[in-house]
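A short write-up of the structure that comes next.
There are 2 protein chains.
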Amino acid sequence: MSDFSFIGNPTPAVDGGEKVTGNLKYTADLKLGGMLHARFVLSTYAHAKIASIDVSAAVAVPGVRHVVTAADLPDLVPHSRMYLMLARGRVIFVGQPVAVVLADTLSAAADGAELVEVDYEPLEAATNMDAALAEGAPLVWPTGIPRGAGDEAAHGAEAGGDAGSDEEISNIAGTTRIERGDVDAAFAASDVIVERTFETPMVHQSSIETQALVVQPNPITGGANVWGSLQNPFGARWDIAEVLGVPESDVNVYGMPVGGAFGAKFGLYEPLVALLAATVGKTVSLVLTRGEELLTTNPAPALRMSAKMGFKSDGALMAMQTNVIADTGIYPSGLGGFAAMQFASFYPCENVLLESTNVVTFKPSVGAYRAPTSPTSFMAVETLFDEAAEQLGMDAIELRLKSAARGGDAMPDTGEFPTIGMVETLEAAREHPIWQHRDEARQKGHGVGVAIGGWMGGLEPGASVCKLNRDGVLQVQIGTADLSGTPTTFALLAAETFGIAPDKVRFVYSDTDSAPYGGGVGGSKTTYTLGNAVIRAAAEARKQTLSIAAEEFEVSAEDLEIVDGRVRVRGFPDRSIALGEIAGKSMTFGGKYEPVQGNGRQAVTDRAPSFSAQIAEVEVDEETGEVNLLNLAVLQDVGRALNPLAVEGQMQGGAIQGVGWALYEEMRYDDDGQLLSGSWMDYAMPDAVQASPIETQILEVPSESGPFGARGVGEPPVIATIAAIANAVAHATGVRLTQTPMTAPRVLEALEGR
Amino acid sequence: MSDFSFIGNPTPAVDGGEKVTGNLKYTADLKLGGMLHARFVLSTYAHAKIASIDVSAAVAVPGVRHVVTAADLPDLVPHSRMYLMLARGRVIFVGQPVAVVLADTLSAAADGAELVEVDYEPLEAATNMDAALAEGAPLVWPTGIPRGAGDEAAHGAEAGGDAGSDEEISNIAGTTRIERGDVDAAFAASDVIVERTFETPMVHQSSIETQALVVQPNPITGGANVWGSLQNPFGARWDIAEVLGVPESDVNVYGMPVGGAFGAKFGLYEPLVALLAATVGKTVSLVLTRGEELLTTNPAPALRMSAKMGFKSDGALMAMQTNVIADTGIYPSGLGGFAAMQFASFYPCENVLLESTNVVTFKPSVGAYRAPTSPTSFMAVETLFDEAAEQLGMDAIELRLKSAARGGDAMPDTGEFPTIGMVETLEAAREHPIWQHRDEARQKGHGVGVAIGGWMGGLEPGASVCKLNRDGVLQVQIGTADLSGTPTTFALLAAETFGIAPDKVRFVYSDTDSAPYGGGVGGSKTTYTLGNAVIRAAAEARKQTLSIAAEEFEVSAEDLEIVDGRVRVRGFPDRSIALGEIAGKSMTFGGKYEPVQGNGRQAVTDRAPSFSAQIAEVEVDEETGEVNLLNLAVLQDVGRALNPLAVEGQMQGGAIQGVGWALYEEMRYDDDGQLLSGSWMDYAMPDAVQASPIETQILEVPSESGPFGARGVGEPPVIATIAAIANAVAHATGVRLTQTPMTAPRVLEALEGR
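Line order of the protein sequences matches chains A and B. Using the numbering used here, the letters of the first sequence map in sequence onto residues 2 to 755. Using the numbering used here, the letters of the second sequence map in sequence onto residues 2 to 755.
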């Protein structure tokens with residue numbers, strides 16, 4: 002019997018009807034008066050000098066209003082990809098925007114873009130980490146790698162030896178090094194040492210909805226109104242204001258419904274489109290095509306991770322060491338250092354050495370993708386655990402349980418772990434039928450592998466406002482875009498707190514002018530942090546509501562309860578008043594009560610790390626090398642499953658993307674930097690059959706600080722999939738795959754090398 | 002030396018730039034995808050049976066999508082004009098919508114509307130109060146006058162003898178009667194009795210912007226998104242939700258900038274347009290033409306007011322009596338009763354008899370117009386005071402001062418007057434040079450007249466939200482449309498309270514989903530009531546801001562001050578932090594402070610009556626009867642002039658409209674109910690020269706409950722103008738005009754009757 006009235010009930014998405022009927026408007030649906038459509042002219046070379054750009058044929062196309070090149074825009078310091086704008090004199094990756102055609106219609110813009118003639122003088126390019134690190138490699142940034150404030154902070158004191166400005170100019174954007182204890186001595190004292198090098202390629206977030214943005218300039222203030230598919234409308238407001246040179250309050254950003262983001266929509270072309278709109282004085286819409294999306298956005302980095310772990314014969318973890326090389330395309334990124342951190346975050350160990358090197362290459366810059374770098378980090382740590390268990394003759398889960406983090410253990414950065422469910426998750430995996438029957442599976446020629454993934458969870462202050470309307474509906478505002486089903490979850494939180502049915506709660510989308518501060522949607526933090534703001538706002542609204550009713554009934558608020566949409570005097574069910582009537586008394590000419598408007602603000606500073614274990618059962622075709630995923634169980638500690646339907650959706654979605662990482666997806670570039678997987682015909686994502694055998698099991702180890710104990714659920718389920726499948730392949734075949742995707746040719750090659 | 006930093010400074014409208022450059026978008030500027038334009042087919046008869054409607058030619062016009070008649074719409078009970086929708090079988094005023102053509106373009110809609118053939122069978126109509134009251138008059142509502150809940154409330158217990166349902170059906174929609182003391186005895190004991198009958202015609206609010214509305218239906222929820230020029234977006238939300246049969250929370254209303262309203266935009270065609278949009282499943286835009294605006298909206302009622310006052314020889318006010326007949330067009334209205342109330346509200350008198358009769362006629366229904374009915378009520382009371390002073394041989398201002406309401410006097414409805422400035426306003430008028438030199442003026446053949454007008458002021462709960470952004474800007478939200486310069490005033494209130502420069506305050510327009518409840522803009526209550534909400538929100542935001550700074554500096558918040566956009570430690574000007582930096586610490590990934598978001602809620606229940614005296618100097622051409630307004634001084638107690646520029650604008654605007662009432666404006670109908678002044682060529686409003694000689698003098702008698710002592714300022718300045726000019730005409734010529742507008746023919750007729 003649940004202690005709750007509404008949370009914990011599987012609740013379909015409140016906006017499901019609008020979405021499936023196509024009634025919900027996305028950014029690409031917006032048609033504003035006088036709006037111009039933008040189409041890029043993209044570089045066809047990874048590295049070339051731009052000798053000339055001839056726009057004459059393009060501007061002659063009927064409907065084309067402007068063809069904009071770098072010469073038309075201010076020459077900003079390109080301290081991040083967002084400020085690179087259009088190529089100026091030189092292109093440094095295939096797909097880099099060189100010019101933009103602005104036209105009355107999309108087709109005119111496309112026609113115009115085809116007619117812009119760019120005369121390139123090709124130059125040698127280094128398009129992967131080895132080529133970029135080679136002696137005499139062509140330099141992505143011959144005068145020095147640009148560094149943004151954010152990037153410097155991502156390295157910084159803890160990281161140690163950054164490649165300072167007095168060093169020689171190279172393609173090395175930075176290095177990090179974190180050492181604790183005495184790693185050499187610990188390895189020397191180890192009975193078993195396991196060591197491998199893992200590689201994952203650039204992988205694309207590939208949402209169904211591409212990047213989309215509309216900017217309407219305001220010639221009076223110099224600011225703008227902006228509509229976009231954005232994970233962080235408040236961040237976009239800041240970025241656009243900065244490039245327009247106005248206070249952020251003169252930019253208003255409408256976070257439109259987001260048709261998938263996964264980390265890719267934290268900012269990319271917002272400053273460029275804002276500058277274009279301001280320059281031509283017209284509303285400009287940019288909606289990327291699928292091909293552009295793959296060529297010119299910000300995928301996950303390519304990582305090469307050498308990793309090493311030492312154990313005593315009783316399974317005690319002695320030392321962990323990793324060295325990560327991150328290929329982050331043309332711009333620096335802190336993701337390599339983060340990958341090294343993630344390797345050693347959840348198995349507390351006294352002797353740790355974490356190093357990373359960030360290499361820039363002539364490819365698009367990189368960004369976040371669901372649990373950034375963690376699939377790679379956990380591929381490393383969980384493969385090595387598996388191998389060590391094998392060598393130690395121990396059960397793979399028991400070995401992990403010896404070292405798994407528990408509440409009170411030291412966290413990798415600072416402080417102690419709060420209550421966490423890593424042990425409970427591993428224990429649940431141990432009891433899972435697939436794991437229990439792994440020997441039978443092996444006898445059938447299958448393999449079963451297990452792995453766990455952990456995520457610290459992001460934090461950010463945020464606020465909410467909660468109003469009661471005359472129809473008895475509670476309106477809840479938060480300042481984030483609709484992403485991953487949060488409206489439904491927030492409706493449940495408000496309903497539970499206020500004491501009203503969830504279908505009497507409406508979630509309100511607002512622009513940055515009107516909305517409470519929400520921060521970015523990402524890092525598995527939205528429900529965890531903003532959920533607390535919603536609860537506080539709803540609680541305050543409830544208190545205000547009861548206070549009005551108390552005055553009406555001339556009783557104490559403590560003697561009142563809310564039942565079935567009415568406030569009633571406890572023990573006197575006939576003395577009751579509808580919630581809408583209470584609201585009406587505060588929303589009317591001459592009314593004597595203040596409107597019900599609860600204010601909820603939060604700045605949770607305690608983390609709530611969450612864990613997802615996965616158990617994969619595979620069959621490997623030894624003739625072709627094809628890996629057939631038979632079963633994939635996803636077990637996850639979500640703290641409290643506020644809406645089990647949404648939680649399971651996140652678990653399944655994450656695991657499907659994990660399957661993509663493990664078996665299918667790769668942004669494959671040739672040596673000239675040409676993208677070979679530049680469409681969804683070539684860039685392989687798991688199809689419905691390939692992704693179907695996913696089973697979910699929700700675990701609940703409540704977090705102290707989450708709303709009703711909830712933890713973030715978005716990131717964890719993508720983390721362990723590669724490792725679980727790789728361990729299953731090893732169980733089936735005896736070979737350890739260390740490179741993804743584990744395609745048939747790669748598996749075949751590994752099998753042949755046995 | 003002012004005690005304030007910002008309030009009291011004449012401050013130009015914050016949105017002036019956007020307005021004068023045409024950058025600000027009004028409702029008529031909205032172009033939504035797939036939007037259909039609506040054009041009415043209007044009745045050409047005041048009363049007729051509709052034999053048939055032939056739409057065949059109209060639907061054949063290219064671009065015409067639908068021709069809608071009553072048959073296509075649900076047959077709602079027409080309990081108010083808003084629910085009358087389209088004429089069903091019968092038309093009852095010239096200009097009543099009979100059909101609506103919906104087309105892709107405005108011109109196609111107009112072409113279509115011209116081709117709709119309505120076959121009328123004309124019936125006899127009663128188009129003025131006398132005809133409607135005559136024996137055997139044609140009945141506007143042969144089966145009984147419809148009564149809305151709102152209308153019944155406007156009459157009600159206090160009013161006494163309502164024409165109940167058991168009475169004979171007539172054109173009398175209702176009567177009211179209020180009696181205090183013994184009026185007959187008081188008149189019998191009076192030494193001087195003055196008595197006249199006054200008449201004012203229907204007058205139109207005539208904003209520059211006509212009625213305009215866009216409704217986008219939501220087929221999933223059954224609700225809608227609405228954009229409109231509305232005085233009460235929250236009221237429109239309710240009305241539209243009711244007609245669509247959905248909870249109000251499923252309707253979202255964007256209160257667009259309003260290009261003038263003056264009471265006319267509290268609701269009219271919102272339900273019809275919402276039904277049209279829902280019926281055809283498309284976005285529908287209705288923007289009235291000027292001609293439609295004059296024919297088919299809701300002007301001020303025509304009033305005939307018989308009034309009588311008795312005085313003792315020492316000037317003591319013994320008795321007041323009035324009987325009002327209100328011609329309110331096709332629908333009942335409480336305005337006649339209100340006119341009677343206004344007659345006796347501000348000169349406390351023990352013996353009072355107030356009666357009114359509401360007559361319906363075959364003309365458009367009526368609505369509010371700035372200080373509804375008060376120009377007529379004060380024409381009566383202030384003319385009679387003038388005449389009594391003459392007969393008593395007393396100074397006209399001294400006589401008023403004897404009886405003027407003072408703080409502590411009984412208010413007409415209930416309770417006592419709070420601090421008010423009626424006496425101070427009359428005393429200031431007494432000292433005014435025009436009044437002081439009235440004898441010299443008379444010697445030049447001019448006349449000088451004085452009058453005062455009073456307004457109780459409306460009340461309504463409302464709320465505000467106040468946020469601090471990373472650019473150091475304070476964003477202030479309230480839930481009303483932009484009307485009459487309130488953004489600038491609210492910016493001053495927030496600036497003064499928070500301690501920030503007004504140019505660092507931004508006012509945010511929101512829709513009803515996102516905005517705090519604001520109520521209607523009208524009744525001179527917006528600044529008075531919502532101003533308090535803004536102050537509370539800003540004060541809470543300031544407290545939150547200081548609390549963050551206190552933690553940063555490790556000092557008590559009491560030791561901090563805000564100076565020049567920075568929080569600093571008192572006495573240590575070097576220890577300071579920019580406001581934007583404080584906001585930044587609460588609006589960032591990993592931040593430890595809650596976002597600054599102040600919540601301000603208010604339900605002021607004390608009124609703050611305000612008074613405007615006016616002194617007019619006129620010259621009357623005795624050959625033509627033309628009245629030439631030479632000077633008009635407007636003296637007004639505004640409590641506190643938060644923004645003197647805005648206050649003076651209100652005073653001048655009100656007085657200009659008062660001049661229109663006095664000398665020019667009349668909706669003139671012939672006996673068949675045809676509007677003779679159906680365009681701005683015929684409907685005369687004062688032009689720039691005619692309205693130019695207005696001088697303003699601000700008085701400040703602070704109200705106890707207003708923001709920094711402010712009172713509502715919008716309504717009072719229109720009230721006294723008729724009376725001041727009429728009294729000046731009497732001073733110049735010896736004749737008392739009792740009918741407006743005081744056009745040359747009317748004045749000439751009066752002069753001839755001397």
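Every residue gets a Cβ at the ideal spot worked out from N, C-alpha and C, and that includes glycine.
For residue i, the nearest candidate out of the options (CA to CA)
| i | options | result |
| --- | --- | --- |
| serine 171/A | Ala132/A, Ser577/A, Ile194/A, Gln206/A | Ala132/A |
| valine 56/A | Asp73/A, Thr45/A, His48/A | Asp73/A |
| proline 718/B | Asp472/B, Gly592/B, Phe379/B | Phe379/B |
| proline 349/A | Ile326/A, Asp328/A, Ala317/A | Ala317/A |
| alanine 406/A | Ala452/A, Val15/A, Tyr684/A, Phe612/A | Phe612/A |
| methionine 412/B | Leu402/B, Leu400/B, Phe347/B | Phe347/B |
| aspartate 1/B | Thr362/B, His48/B, Gly338/B | One cannot answer for residue 1/B here, as it falls past the ends of chain B, which runs 2 to 755. |
| alanine 214/B | His38/B, Arg66/B, Gly292/B | The sequence as given places leucine at residue 214/B; alanine does not occur at that position. Of the candidates His38/B, Arg66/B, Gly292/B, the one whose C-alpha sits nearest the C-alpha of leucine 214/B is His38/B. |
| histidine 447/B | Lys26/B, Asn632/B, Ile578/B | Asn632/B |
| glycine 486/A | Ile435/A, Phe312/A, Arg439/A, Ala262/A | Ala262/A |
| phenylalanine 7/B | Val204/B, Asn644/B, Asp105/B | Asn644/B |
| glycine 311/B | Arg197/B, Glu356/B, Gly409/B, Glu294/B | Arg197/B |
Burial state of residue i (16 or more Cβ within 10 Å)
| i | result |
| --- | --- |
| serine 53/B | exposed |
| glycine 161/A | Any reading at glycine 161/A needs caution, since the residue's pLDDT is 35, under 50, leaving its predicted position unreliable; the model's value is listed next. Classification of glycine 161/A: exposed, given that the 10 Å Cβ count is below 16. |
| glutamate 399/B | exposed |
| glutamine 651/B | buried |
| threonine 22/B | exposed |
| valine 535/B | buried |
| lysine 364/B | buried |
| threonine 546/A | buried |
8 Å contact criterion, which residue i and residue j should meet: CB distance rounded
| i | j | result |
| --- | --- | --- |
| valine 285/B | valine 252/B | Not a contact, Cβ separation roughly 15 Å. |
| proline 333/B | asparagine 359/B | 6 Å |
Residue i: contacting residues in chain B (beta-carbon distance under 8 Å)
| i | result |
| --- | --- |
| valine 193/A | Chain B residues near valine 193/A: none, gap ~38 Å exceeds 8 Å. |
Proximal chain A residues relative to residue i, where beta-carbon distance stays under 9 Å
| i | result |
| --- | --- |
| asparagine 219/B | Glu19, Asn24 |
Proximal residues to residue i (C-beta, below 6 Å), its chain only, five neighbours per side dropped
| i | result |
| --- | --- |
| valine 42/A | Val99, Ala100, Ala114, Val117 |
| glycine 17/B | none |
Chain A contact residues for residue i, given Cβ-Cβ distances below 7 Å
| i | result |
| --- | --- |
| lysine 32/B | Gly34 |
| arginine 466/B | In the sequence as presented, arginine is not what sits at residue 466/B; that position holds valine. Correct list: Val466. |
Proximity test, residue i beta-carbon vs the ligand PLP heavy atom, cut-off 8 Å
| i | result |
| --- | --- |
| alanine 126/A | Absence of the ligand PLP from the depicted structure is noted, as is the absence of any ligand whatsoever, leaving it without description. |
Cross-chain neighbours of residue i in chain A, by beta carbon under 8 Å
| i | result |
| --- | --- |
| threonine 606/B | Lys593 |
Per-residue contacts from residue i into chain B (C-beta, under 7 Å)
| i | result |
| --- | --- |
| glutamine 476/A | Ser250, Asp514 |
| glutamine 603/A | Glu595 |
Same chain, Cβ closer than 7 Å to residue i, five either side skipped, listed in chain order
| i | result |
| --- | --- |
| proline 13/B | Leu646 |
| leucine 354/A | Glu180, Val184, Gln322 |
| glutamate 19/B | Leu25 |
| glycine 592/B | Lys586 |
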